[in-house]
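K.L.:
Handing you this structure, nothing more for now.
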Amino acid sequence: MSVELVILGFLREREYHGYELKKDIQRRMGPWADVKFGSIYHALKKLVQRGAVEKVGAERRGTRPDRIIYRITERGEEEFLSLLKKLLNGFQRIYPEFCIGFYYAGNLPREEVAEILTQRQAQYEELVETFKQVKELPAHQKIPRVSEVIIDHAILHMAAEVEWLKMARRRLGEEDLYRSPEEQGT
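Per this note's numbering, the very first residue in the sequence shown carries number 5; after that it's consecutive.
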């Protein structure tokens, strides 16, 4: 659903061919939106079948295959607004799969679990730095201001994850997390 919303949103701005669309999505949403290149063409095909997007021409460059140019239709405009409202109004709780693994991590040596937590923390810290660098791009490479707000959102979430990982690692070293107080005789 969100890939279709992204495509319709970009097509509301102007006509695009697939590769151009992919490049603009990557440039403007790349750091925080997980839109895969292959999913763009699949979603475009579905949108065309539903009549939300139409093919308006083709462009040829050298010996390469034709690039099909797409534009949004009136039905696509309606779908865009419907998808937008649905996404904004939808509440999603976060259930990280990592927590399932951490729940059973008592089956591994404590040192190995501590190392996994340390590596995960380093990955999040690296991502935070990457996102901060995106915000500091020169003006001509700047992303839209709304992307900066979204990146701030991501940074705050990742910073919270880093703090949680520090706490989990500390508690892992101080207590037996994998037995209840009753089992521990406390």
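Where a beta carbon is used, it is the ideal one built from N, C-alpha and C, also for glycine.
In this text the structure is predicted, and so the values were computed from the model without any measurement.
Mapping the DSSP letters down to three states, classify K26 as helix, strand or coil.
P.N.:
Of the three classes helix, strand and coil, the one that applies to K26 here is helix, per DSSP.
K.L.:
Can you tell which of P69, L141 and R174 has its C-alpha closest to the C-alpha of A118?
P.N.:
Out of P69, L141 and R174, R174 has the C-alpha closest to the C-alpha of A118.
K.L.:
Pair every Cβ in the segment 145 to 155 with every Cβ in the segment 30 to 39, then say whether three or more of these pairs are closer than 8 angstroms.
P.N.:
With a cut-off of 8 angstroms, the segment 30 to 39 and the segment 145 to 155 count as touching, because enough Cβ pairs lie within range.
K.L.:
Which whole-angstrom value is the C-beta distance of G80 and A56, which I expect to be below 8 angstroms?
P.N.:
Correct: roughly 4 angstroms between the Cβ atoms.
K.L.:
Taking 8 angstroms as the threshold (C-beta atoms), are V60 and I73 in contact?
P.N.:
Yes, the pair counts as a contact, with Cβ atoms nearer than the cut-off.
K.L.:
If you reduce the DSSP assignment to three classes, tell me which class E129 lands in.
P.N.:
Reduced to three states, the DSSP call for E129 is helix.
K.L.:
Leaving out five residues on either side along the sequence, give the residues of the same chain with a beta carbon under 6 angstroms from the beta carbon of F41.
P.N.:
Around F41: K26.
K.L.:
Just the C-alpha distance for T122 and W168, rounded to the nearest angstrom, thanks.
P.N.:
If you take the alpha carbons of T122 and W168, they lie about 11 angstroms apart.
K.L.:
At which residues does the beta strand (DSSP E) containing I73 begin and terminate?
P.N.:
Unbroken beta strand (DSSP E) run through I73: R71 to I76.
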